Amino acid sequence: MLAPPVQRLVTELGKLPGIGQRTAQRLAFHLLRVDAEEAGALADAIREVKLRIRQCEICFNLADEPRCRICQDERRDPSVICVVEEFGDVLPIERTQEFRGRYHVLGGALSPIDGVDPEDLKLAELYRRVADGDPRVREVVIATNPTTTGEATAHHIAREVRDRAPDVAVTRLASGLPVGGDLEYADEVTLGRAFAGRREIV
Numbered sequence: 017m018l019a020p021p022v023q024r025l026v027t028e029l030g031k032l033p034g035i036g037q038r039t040a041q042r043l044a045f046h047l048l049r050v051d052a053e054e055a056g057a058l059a060d061a062i063r064e065v066k067l068r069i070r071q072c073e074i075c076f077n078l079a080d081e082p083r084c085r086i087c088q089d090e091r092r093d094p095s096v097i098c099v100v101e102e103f104g105d106v107l108p109i110e111r112t113q114e115f116r117g118r119y120h121v122l123g124g125a126l127s128p129i130d131g132v133d134p135e136d137l138k139l140a141e142l143y144r145r146v147a148d149g150d151p152r153v154r155e156v157v158i159a160t161n162p163t164t165t166g167e168a169t170a171h172h173i174a175r176e177v178r179d180r181a182p183d184v185a186v187t188r189l190a191s192g193l194p195v196g197g198d199l200e201y202a203d204e205v206t207l208g209r210a211f212a213g214r215r216e217i218v
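Taken in order, the sequence shown gives residues 17 to 218; the numbers are from my numbering.
Put into structure tokens, the structure is as follows:
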């Protein structure tokens, strides 16, 4: 029913994560309604990020220069490294304004069943940073997702870092009940972690 160029646009938009067929059609029709300048600005932005954005040579976050803005920032503490699975995980942590160290983006999580082994991730680069860091790394904060693969990755990293640098502290983000959540809606794993991580009220 759609003209081939419109159908092609719908098909390409439908490949984006979280975009179903109907949403892809709505986006395509929106792009057809806007003027050529606005549609061209979107096309130019997509082209620019594909041409200019690369991985930071230190932490593998997104960058438009050899080093990302965080690795360039002299105010950040290079002795504390927060390990995340994907570069999209950096932004939520940054929004908390609680972490002032630097990052290491793995590019995924260990999943042998899916064919993702240690050599497929930026693990060797992390271990080099920990062993050869200047200044010396004193803490590795593991912020992988609280999933089966994220937990397996966290345990693997903790074991390897302790073997290579026993004096480096390895920590894991706390997990448990969200603020404002009700106990009746919490699953057993979340509730169990909340109990395990309980603290004295002061």
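Backbone N, C-alpha and C fix where the C-beta goes; we use that ideal spot for every residue, glycine too. Everything numeric in this text was worked out from a predicted model, so none of it was measured.
Distance between beta carbons of residue j and residue i, contact taken as under 8 Å
i      : j      : result
Val99  : Ile35  : Going by Cβ atoms, the distance from Val99 to Ile35 rounds to 30 Å, so no, they are not a contact pair.
Cys72  : Ala61  : That pair is no contact at about 21 Å.
Val153 : Ile97  : 6 Å
Leu142 : His171 : That belief does not hold up - the Cβ atoms of Leu142 and His171 are roughly 14 Å apart, past 8 Å.
Val157 : Leu189 : 7 Å
Ala44  : Leu29  : 6 Å
Ala55  : Leu47  : 5 Å
Burial state of residue i (16 or more Cβ within 10 Å)
i      : result
Thr169 : buried
Glu200 : exposed
Val50  : exposed
Ile69  : exposed
Ala181 : buried
Val195 : exposed
Ala147 : exposed
Secondary structure of residue i, DSSP reduced to three states
i      : result
Ile86  : helix
Asp60  : helix
Leu139 : helix
Ile109 : helix
Thr187 : strand
Leu32  : coil
Glu114 : coil
Glu155 : strand
Pro194 : coil
Val50  : coil
Asp130 : helix
Ala210 : helix
Same chain, Cβ closer than 8 Å to residue i, five either side skipped, listed in chain order
i      : result
Asp93  : Arg116, Gly117, Arg118
Glu155 : Ser95, Val96, Ile97, Gly117, Val184, Ala185, Val186, Thr187
Val106 : Asn77, Ile86, Val100, Tyr119, Val121
Leu18  : Val26
Residue i beta carbon near the ligand COA (any heavy atom closer than 7 Å)
i     : result
Glu81 : The ligand COA is not part of this structure, which contains no ligands at all.
Other residues of its chain near residue i: CB distance less than 6 Å, five sequence neighbours each side excluded
i      : result
Lys138 : Phe76, Leu122, Gly123
Gln41  : Val26
Pro82  : Glu73
Residue nearest to residue i in terms of C-alpha spacing, selected from the options
i      : options                        : result
Thr206 : Thr163, Phe45, Glu114          : Thr163
Arg145 : Leu48, Pro21, Ile74            : Ile74
Arg175 : Pro134, Ala212, Arg215, Glu204 : Pro134
Gly149 : Val177, Leu58, Arg111, Glu204  : Val177
Ala159 : Gln88, Gly104, Gln23, Arg63    : Gly104
Same chain, Cβ closer than 7 Å to residue i, five either side skipped, listed in chain order
i      : result
Thr165 : Ala125, Leu126, Ser127
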